[in-house]
């Protein structure tokens, strides 16, 4: 039986380490394997000495993720440092390993704390076909006790609902759903798959 594959990009920030913790916890629930990567931005670190320092730091970060996983009994398929464009490398790695899920910090170490979603997470989300879990660092890190599903009846919304229901089952979480109707648009009758039906997906 093929196991779920989770890709966990880290950048050493508190946010990314928190995302890695979520990835390991989720992987333990699904029996998934994880792969962790750190990308040295070769366009940002062009001086060889600085590049080497960042590269070494990256090795420590992915080793930290490996230890987190081992402590939880989660299999680590790979933990490596790459160089290039962080967005391109994350997207390419997800494609190469056929990742079921990318778990990434919503805001990384290089993004403004005022941004709802950081540059790298935003770009990865727009360019990968893999599912993405954006993780935020909050004071309350209790695991998935309440889940809100926003749906518009689209195919992507249906997949999102299926995954949300799958997570809810594993964490015994309460599920809430909402659909926002834009009253400025003309409403056209359409069939919207119910959340109960979407929740029948076996993940």
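In the working numbering, the protein residues as written are 1 to 203.
Quick reminder that beta carbons are idealized off the backbone N, C-alpha and C, glycines included.
Item, Value
"Let me know the secondary structure DSSP gives residue 32 once reduced to three states.", "coil"
"Using CA atoms only, rank isn't needed, just tell me which of 101, 24, 106 and 175 is closest to residue 13.", "106"
"Shortest alpha-carbon distance to residue 148 belongs to which of 155, 154, 138 and 167?", "167"
"Which residue wins for smallest C-alpha separation from residue 94, given the options 36, 72 and 75?", "36"
"Hey, would you say the C-beta of residue 20 is under 7 angstroms away from at least one heavy atom of the ligand ZN?", "As for the ligand ZN, it is missing from this structure, which has no ligand bound."
"What whole-angstrom Cβ distance do residue 72 and residue 28 have, given they're in contact under 8 angstroms?", "5 angstroms"
"What does the alpha-carbon distance come out to for the pair residue 43 and residue 50?", "12 angstroms"
"Could you round the C-beta distance between residue 55 and residue 137 to whole angstroms and report it? I think they count as a contact, below 8 angstroms.", "Actually they are not in contact, since the Cβ atoms of residue 55 and residue 137 sit about 25 angstroms apart, beyond 8 angstroms."
"With a cut-off of 8 angstroms on the beta carbons, I'd call residue 132 and residue 86 a contact; round off their distance for me.", "Not really, about 15 angstroms apart at Cβ, beyond 8 angstroms."
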